[in-house]
Structures are given as structure tokens and as C-alpha cells.
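Let me begin by presenting the structure, written as C-alpha cells, before commenting on it.
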Amino acid sequence: MNFIIQFVNSLTSGGGGYQLLNHIINGISLGSVYAIIALGYTMVYGIAKMLNFAHGDVIMVGAYVCFYAFNAMKLPEPLAMCAPLLAVCAAVVVCTLLGVGIEKLAYKPLRAAPSLAVLITAIGVSYFLQNAALLLWSSSPKVFPSFFVIRTTDADGESVVLRSVQLGAVSISYVTIVTIVSCVVIMLWLTWFTGRTKMGKAMRACSEDKAAAQLMGIDVNATISLTFAIGSGLAAIAGALLCSAYPNLVPTTGSMPGIKAFTAAVFGGIGSIPGAFLGGLLLGVLEIFAKAYISVQLSDAVVFAVLIVVLLVKPTGLLGRAIREKV
Amino acid sequence: MKKKLLCALLALSMLFVLAACNGAPAENPGNNDAQTSGDTNTPGGAQTPDDTQAPADNGESQSEPEPAAPDDQAGLSGETEPEPAAPVEGAFKLGGTGPLTGGAAIYGNAAKNGAQIAADEINAAGGAVKFELRYEDDAHDAEKAVNAYNALKDWGMQISLGSVTSKPAEATSAESFADGIFSLTPSASSPATIAGKDNVFQMCFSDPNQGTASAQYIGMQNLAKSVAVIWKSDDVYSKGIRDTFLEEADAQGLDIVSDTTFSDGNATDFSVQLNDAKNNGAELVFLPMYYEPASLILAQASAMGYAPKWFGVDGMDGILTMQGFDASLAEGVMLLTPFNADATDDATAKFVAEYQRRFGETPNQFAADGYDCVYAYKQALEAANATPDMGAAALNDLMKAQFTSMTFRGLTGDEMTWDASGAVSKLPKGMVIQNGAYVGMD
Amino acid sequence: MKNRGFSPFRFLTYLLVIGAYAALQVLQARSELSATMRGMLVPICAYVVMAVSLNLTVGVLGELSLGHAGFMSVGAFLGTSTAIALQDRIPVAGVRLAVALVVAAIFAAVAGFLIGIPVLRLNGDYLAIVTLAFGEIIKAIFNNLYLGVDAKGVHVSLLEDATNTAETGRLIIQGPMGIGGIQKISTFTAGFVLIMISLIVIFNLVNSRAGRAIMAIRDNPIAAQSVGVNVVKYKMMAFVVSAALAGSAGALFAMNYSTVVANKFDFNTSILILVFVVLGGLGNMFGSIVAAAVLTILPEALRPIAEYRMLLYAVLLILMMLIANHPFVRGLFNRFKRTGQIQLEAGADETEGEVA
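Residue numbers (the numbering used here), protein chains in the order written: chain A, 129 to 455; chain B, 457 to 898; chain C, 3 to 358.
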């Protein structure tokens, strides 16, 4: 541990280096939130070949469920530590059901329809979720509880709340660490799941060719439902992490991060699981750098300009698969 | 052919929609020139004994216990809000637009709820002046605000509450000036809202006022020498305050060491702005913004271990009442605000209790502004001996005369007066947050 | 190419627009229109032009664009600025409006050309995301642009107001505050004329040699290229025309309100226009017009249900897509679909699946 601190200190001895490191860490913490949302986008796109614009709003629902579940729970002291975990579990269950329900009602009837029709339906679902949330939970912002803090008492016996770990001159918040770790775990699990398990293979088969997959005895509808279930479950986790990092919760909480994460997914190559992770992190770092070194107001423009340049050089994103067009 | 059939279907539905749009006014011939004939609607209305309507509504919602804990109930009770009051006989038709949906919905709903409480109280008291209040959604958008305003005109609005947010208000106030409908906006604070319109008045401070007052306060009290400003670049309110703040800061000899912004698209991560302020050694950070982004800034500053003095403006009020907000984050925050929900005077306490009972939340400054607007109208209408059968044009003249001459005492100020430009004059109170409550500064 | 000459479908579209205009004018003259309807006439015209112009990109060219509102923004800001700058020189509002619309179209066309260079190299979802990115970039630029006009000419600056506009001049675009104090010179008649011009331009383009080339590219770019169609040129042609029309629609829209801000023309507006196009039918101009009018009026017509309004709007949107694509309804349509089908629609149906 000591040598890490020494290393960080050596990096941070100069003012500029310290700044740079600080910005990278902030960028990664923002990017890890984008990455975890992008994983859900890319999962659904990769299998069902549709842009699920309602994903950001499922995240918002997940965060609300988590918020209310956490506040409703009155656990005795030894169990109180588990409350956040239980709240997230509740959110995962609700969002999974919601995702499958949306798929059954709104997307499944459009399996044979042009993909633009599905896109518009997804936007309709997004409007629906936002407005339903507005009616159900009102427009006033809720402040999400801080799950990832350590409460201790300091030398004077006063209780202090630790939110970040200090490494020399830079601090990394616990939320960031948890988000990155969960992001990596989820990414590895998804890669393993789609690559090694029977259901995962069925998913990939559906993504390649639905008709052929059906002929091979794969239940295409069930597979796509499963994809939505997993994607929405991930959205719930993403919602909890997003709101832990940026604790304001309103009915439109999911929409802007949703668009950014969608951009991140395309950046990394939509449909590619490691691509979503990479795209998310890069987008976050890029955004913070643009804010710090160019201009806060133009940071979005810079991020999108870089995206355009990347797509021009690699038209299918960083890790996307190039598909040769058949003549 | 398929498309044609579909089109025919759509065309049919358009006809229906058109009919629906036109249906209501068509029953009331002559309704189109709303300025003069807004009153023709009222006598034609349903002849129900409506004086009991508002109290009845209250009775219904009384059964809802006041939710103290922030649990599921608190959230859901937002729904128990009474239906918009049914036509009140012999009442003034008072209309307003605000963002009831979308990202700015907190502000619109607060102003609407505050105004509704005032209108219901006034109607229940049974005086000479009664109000029929109607709020339409503008989703914080100029186009929809004009649509909403026109819908209110079709309904027969006689006097207007303008729009809640500044940009939509700029659009609707131009309409309301052209139509000669008097307008008193609760919270649209930009100077452009009232500029060049002699019948548009504000209940809130205008932005430049606040910037100057804040800089003066910081300078006079010697709170800090080096100051950072974080403001929202796409918000008229925030920009207006920041511009005049910088001017006055110069005069007060304050050193502005950091001046950074954010906008709607990136209002979540403030690490860059806070780092800039920190590295430039700002002792005090001025936050001319609403409480929602401010709460995020406070949380992130705390997470990075940065603890300067914080100074806010009236939009910051409401931060303590956010459900789940950790009040220790706001400890020591100073702000200039005309209203605080913790005030102990009777009027405020009564309003806050009523608001909590009906909407399950603590009112913010927007709610108080909405409430004050309706009472200011009551006072002005009573003083002018106005009657509900007067047209919008007649009321326009009466109100212009009243508002420039009267003094109004409300929740957001003790001695409010208006000049001919429509700007209000009232004193902001300096407040500091200590142990999760406002304490007067001075 | 049997529809070279008289096309009943085009005729029907023109007839609908003229008929609707005449009917609304009569109603307005007899003052039977509600204030709500009167207030929405100009925005409906602007949205109709937006929808038919986007339909040229999405339906006829076959490329999904998620940044159409960006061109609207270019036209709105630069067209309105022109009108304000010329306020004293051209006292007649109608002429000033016409000049502003033309200037808006030119600027938007230039923007369309510049954006088209990189965008049209891409395909499918990647093209869509790049148009989205451009829409956001345009929004960010107009949110930080300051433009002033005085005796010395035009001054422009980014981020901070460094235009040094003289006291006698006027700072027209004020960064995030957009343009304020706009004279409302847009009229319903101007909107009607703009719709007619757009339709004439689009129908003539679609039914020309260039139009057939564009549709050939949509149906199979590689085949089109192999028979000697210059893919880049024709793609660009459609894209630029579409952008120009969107620009003038933006100017028409902006000059109907006293204020305009860049945030109005965001991703959601682009999506809204796309909804008009998809609901009206790809490549189907008649459908776009009807869908744009219906979906603009719908949220206003739903006002009586107050807070449930947008919820119901969302449900209706989903239902409309579900019903329009229900196998039974599609089958029903297909049974009727045989005679007198115009080329435009026939192509659209087969390629719908490939777009996006």
C-alpha cells in the first residue's frame, strides 16, 4: 500500500501532474457510470437489434424503487448493513419484470415490423415511463441515500462520514470504486454468459440469424425476453450506482445519461460488450478533459466531435465487428 | 393503397381532434375575442351550488394522514391533490402556465400548488372576490407556453399568472401584452419578461437585483476576498444574477478567482468546476442557481473534501426540504431569500402546514410566490371594486392602476410595492443554515 | 415509369394542403377558430415542412437522421437574425420574412453540405448516431454564440460576449439566452406557401432523373453504383435539399414567437419529427403532412385531462405503432395494395426493414 502512495505522490508533486491525475480519476468515475448503462444498451442491441431508447428510463425506475425500498426498510442494527443490498435486489426484481413486461406488450408484436417502428415505440415507452414516474412519485427531487460511505468516529469522538479514500493528494470516492468493480464484474459475467452458456449461445444465434436459430430449435421469443430481462436487471443496478454517484433523483434522471451511454456504446462498437465498457470509460475521461482543458460549455460538442472522428476512421466503433455488405 | 387507407384514418382522427379543439368554444358564440367577452362563459356554466366545492375538496383530502416519514406514502400522496376546482360561480378566471411535466416540473408544480391553496382559502372564506384557478402545462418551452396561454384564453381567462419560468414567460408576456390581459408572474425573474410591457408584473425579485445585493452583502460583511462563481450558462436566471454579481463584486473589491459554468446537458458532474475553484484558492463559492444542482455541488464538494463558504440566492431555498437530503452538507450555507419555510410567523406556518397536508411536501419559494400572487390579486381586485363580469380589458386597466399604487404584505415580503415597469421592490433576507434550519444573518 | 405525368397521389396531396388552407382561412375569417387553433397554425406549417423534408432523407434516400432539428436551429437563428438586422431597411414584413426564409435555407443548406461530407460515408445506425452528434454540436454552438450587428457590420464571438457591438447596434444572438424581442412576422399564409414550395421541390426532385437515382441508391447502393450512379452526389443532393427546407421551416417557426433558444432544437425535437415521418409512412408525403398536423394538435386537444395528458399521448403513440404494424392490419392493407401504386410507396415498403 505504501508504495502506491509513494508512486501517486511522485506523480502529483508537480501541480500539473496532480491536476491531470485528478481529472483522469474524475473521468473514470463518470465514465464507469456511463459504462454500466452502456452495457445494458449494447446487450439489447446486440441480440434484439433494436435501439432501446427506454433503457435510460428503466434506470430511473430502478433508482426510484431502490430509494423507496431502502427508506421503507427498518432493519434491526446488525442487519442494517444489508439494507442497501436488499434495496438493490428489490430494484433488480422490479426492473426485470418491467423490462419483460415492456418487451411483451410493446416490442414483441413488432418483431416483424420495420426497425424504425420499433424505435418509435421505444420512444413512446420512454415518454410513458417518465410521465408515469411524474404522476407516481411527483416532480420534486429525491436525494438518494449514500450507500457507499463509512461511518466512524474520529479521535475526538465525533462521528465522521468517510466518502472517499485518500491516495496522497488525490481522493477516489468509494462510489467510483464500487462502480468500476461492478462494471468489470458485470462485463466479465456477460462475456462468459454469452460465450459459454447454452442460453448465451442461443442469444448469439438469435443475433446472427433469427430464422436459422428458430430452425435449430431455439425459442427466439423466449431468448429475446431473457435478453430484456438481463438488460433491465442491469439497468436497476446502473440506476442505483448512478444515483449513488450523483444523488438527485427526478423523473428525467435517466434520459441524459441514457443518451450519453448510448453514444458510449456506439463509440465502443455497439453490440460489443467489452466495447461498451471501453466506450463508457473513454467518453467519461474525454468529457472531463474537454471541460477542464477546453471549455465547460463546449464539452458536449467536443465529445461528439471526437465521436464523429472515431466513427469516420473506424466506421463500426472501436471494438465493433465490421460486417461486409453482400452484393 | 395501404398507406392511403392509413392516411384516411389519420385524416379522420385529425377531424375529430379538430372538432374536439373547437368544440368547447363553439358552444359559446363570441368567445373568440376573449378580452371583452371572457365573462360570457360564467353565467352559461353549470348551475351547481359551488360555494361548497372547495371546502368539500379539502374535506376529502383531510383523510390522508400527514406523512412524516419519507416512505412510500409520502411519494404517493402527491397524487391526492384535489381536482382543479370546478367552476366557482361569480369568480374571476385566473390562469397561468408552468412546467408541470419535464425536467423543470418541480418549479411549475410548486407555483401551481401554492396558488391553488390561496385560491381555495379565498373561496372558502366567501368574500366578494373569488377565483377560479387554472394552470396549464408548458413543459418549460416557449412554443408550448404560447399554446397553453391560448388554451387559457379559450377558457376565458380574465387575469393571468403569466408563466413560472423565464423563457416561456418572455413568450407569453408578449402575447398577454398584445391581448391586453393583465399578468402577474410568480417567479419569472428575467428583465425581458417585463421589459416594454406595461401590464406584466413580477412577484419575485428581478435577477440583477439579487446579483448586486449578494455582492454587496459579501463585500460589506467581509465574508471573503477571493470568490468563485459556478453558474448555469443556459439559464436566464442564473446568467442574469452572475452578470450583475461580477459587476458589483468589482466595485466591492472582491477578487473573482474562478468563473465556471454548466448546462442542462452536463448538470451531473461538477468535479472540474469545483477543482478549479479549489485550486485557485476561492474562500467563498457563489452559487446563483436553483437548489437541485446546488445540492449536487454541495455533495460533490464534500466528497472531495472541499469546504469553502457557500453563498446562494433565492433559488437555493428548498434545498433543506429535498426528501433524503443530508442537511449537514448545507451547514453554513448563506443565502438571500425572501421566503423560508421554517419561519415562525403565523401566515407562513399556516401555509406550510396546509401545503404539507395536501401535497405531502414542504413548499419552496415558488409555492410561496404562487400563493402571494393570488392574494395580491385579491387585494387589488377588492381595492378596485372589480367584479367578475368585467372583461379582461377593463380589469387590465384597473389592475395596472392598483399594482403601481398599492402595498402588499405577503409570505415573501412585508412591504411589497411595484413600479410602473412591473418590477417588485422588496427586501431579501440574509439567511444562514445552521443545524439544518435557517437562521437570520444580520 | 408510369407516373411521369399525372399522378393522382401528388394531386391529392396538393389538394389536401390547399383545401385545408382554404377551410382554415374561411373559419378564421368567420372567427370560428379558437385561440388555441389560431396559435398553432404557424407551428403546424413549420412541422409539416420539417416532416416532409425529413421524409426526403429517411423515406426517399433511406438514411436515418436523428439530427434534423439541428438544421431547423441553423435556419431559426440565422434567418431570425437576418430579419432583425434588416428591420429598418425592409419595412414590409412580408418581404422581410421571405428574405429571412431564403437566407435561412441557404445557411442550412451549407450546414447540410458540410455535415453531409462525413455523414454520408457511414451507414445505418452509425450514420444515425453521427447525425445525432451533429445535432448536439449545433445546439452547443448556438448556445454559446454571440452575434451583434451595428453600423460597422456583423460581429461574432463564441463563449463570451466579445462582439463589442456598438451602443447603437444590437446584440441579436445572446448565447444561452438565444434571441429575444423577435417581431412576430410569420403568418399562416407564409407557412402555406412554404409547404407548397417544399412539396413542389420534393415531388419534382423525386420524379426526376435525380430522384430515381436517389431511390436506386436507397434500394441497393452497390447495384446503383455498378450501373454508374454517382452515389455520393445524389445522396448529397437529397441531404442538402432536406436541410435547406428544414432551415426555412426553422426560421418560420422562430419568427412566430417573441423568443427562441437553442435548447428548443434538441434531440427530442429531432425525434418528434421522426415520429411524424414514421407514422405517416416512409416516403409518403401525404402521410407526413397529416401525421405532423395530428400529432401537433393531439397534445393540445388532450389538455382537458390535465396531468394525464402526456401519459395518454405516450400510450396513443405506442398504440398507433402497434396497430399500424399489426399483421392483420398489414394483411388488410396488402390485399388492397395492387393497382395504381406509385413508385414512391412501393419502394418504401420493401426497404423499410433496412433503414435504421
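Don't be surprised by glycine CBs; every beta carbon is placed ideally from N, CA and C.
By alpha-carbon distance to threonine 307 (chain A), the top candidate from A:Ser372, A:Arg291, A:Phe256 is A:Ser372. The beta carbons of glutamine 756 (chain B) and isoleucine 686 (chain B) sit no closer together than 8 Å.
Identification of chain B residues near leucine 158 (chain A) by a Cβ-Cβ cut-off of 7 Å yields Asp725, ordered along the chain. Judged by DSSP secondary structure, histidine 157 (chain C) falls within the beta strand (DSSP E) whose first and last residues are 155 to 160. Contact annotation: isoleucine 674 (chain B) and phenylalanine 767 (chain B) have beta-carbon atoms nearer than 8 Å. Within the same chain, no Cβ atom closer than 6 Å to the Cβ of aspartate 706 (chain B) is found once the five residues on either side in sequence are excluded. A distance below 6 Å between beta-carbons, with the five flanking residues on each side excluded, links tyrosine 23 (chain C) to the following residues of its chain, in chain order: Phe194. Restricting attention to B:Lys600, B:Ala733, B:Thr863, B:Thr668, the CA atom closest to the CA of aspartate 828 (chain B) is found in B:Thr863. In summary, no residue of the stretch 214 to 227 of chain C has a CB separated from any CB of chain B by less than 7 Å. Taking the Cα of asparagine 232 (chain C) as reference, the smallest distance to any Cα among C:Arg98, C:Ile219, C:Ile299 is reached at C:Ile219. Beta-bridge analysis with DSSP links glutamate 592 (chain B) to B:Thr553.
Listed by position along chain C, the residues whose Cβ is nearer than 9 Å to that of proline 385 (chain A) form an empty set, because the closest Cβ is around 13 Å away.
Glutamate 626 (chain B) is positioned such that its CB atom lies no closer than 8 Å to that of leucine 608 (chain B).
According to the DSSP assignment, aspartate 782 (chain B) belongs to no alpha helix (DSSP H), since it is labelled neither H nor E. Ranked by Cα distance from methionine 327 (chain A), the first of A:Cys311, A:Gly345, A:Gly367 is A:Gly345. If only complete runs of 4 or more residues are kept, the stretch 163 to 202 of chain A shows the alpha helix (DSSP H) at 183 to 200, in order along the chain. In this structure, valine 656 (chain B) places its C-beta atom within 8 Å of the C-beta atom of glycine 618 (chain B).
Taking the beta carbon of threonine 557 (chain B) as reference, the chain C residues within 7 Å of it are Met312, listed in sequence order.
Remark: three or more beta-carbon pairs, one from each stretch, lie closer than 8 Å, so the stretch 392 to 399 of chain A and the stretch 116 to 131 of chain C are flagged as touching. Of all alpha-carbon atoms in C:Val208, C:Met322, C:Ile202, C:Gly182, the one lying nearest the alpha-carbon of isoleucine 20 (chain C) is that of C:Ile202.
When A:Lys329, A:Trp265, A:Ser157, A:Val161 are compared, the shortest CA-CA separation from alanine 366 (chain A) is found for A:Val161. If you compare the alpha carbons of A:His151, A:Ile251, A:Ala241 with that of arginine 332 (chain C), the shortest gap goes to A:Ala241. Burial is judged here by how many other beta carbons sit within 10 angstroms of a residue's own beta carbon; tryptophan 320 (chain A) has fewer than 16 and is exposed.
Among the CB atoms of chain C, none fall inside 8 Å of the CB of serine 758 (chain B). Considering only beta carbons, the part of the stretch 257 to 273 of chain A lying closer than 9 Å to chain B consists of Gln258, Asn259, Leu262, Leu263, Leu264, Trp265, Ser266, Ser267, Ser268, Pro269, Lys270, Val271, Phe272, Pro273, in chain order. When DSSP states are grouped into helix, strand and coil, isoleucine 92 (chain C) belongs to the coil group. Annotation for alanine 245 (chain C): Phe73, Ala110, Ala111, Ala113, Gly114 place their beta carbon closer than 7 Å to its own, counting only its chain and skipping 5 residues before and after. Three or more Cβ pairs drawn from the stretch 172 to 187 of chain A and the stretch 254 to 271 of chain A lie within less than 8 Å of each other, which places the two stretches in contact. Residues of the stretch 687 to 719 of chain B with a Cβ closer than 8 Å to any Cβ of chain C, in chain order: Ser689, Asp690, Asp691, Val692, Lys695, Ser719. Shortest Cα-Cα distance from phenylalanine 781 (chain B) to any of B:Ala805, B:Asn796, B:Pro749 involves B:Pro749. Assigned with DSSP and collapsed to three states, valine 263 (chain C) falls in coil, not helix or strand. Cβ proximity to chain B below 8 Å picks out Lys419, Ala420, Val424, Gln425, Ser427, Asp428 from the stretch 417 to 428 of chain A. The three-state reading of DSSP puts alanine 799 (chain B) in coil, since its state is none of H, G, I, E or B. By the rule that beta-carbons nearer than 8 Å mark a contact, alanine 823 (chain B) does not touch chain C.
Closer than 7 Å at the C-beta level to chain C, one finds these residues of the stretch 601 to 615 of chain B: Val602, Asn603, Asn606, Ala607, Lys609, Asp610.
Using a CB distance below 9 Å, the part of the stretch 199 to 226 of chain A facing chain B consists of Asn199, Ala200, ordered along the chain.
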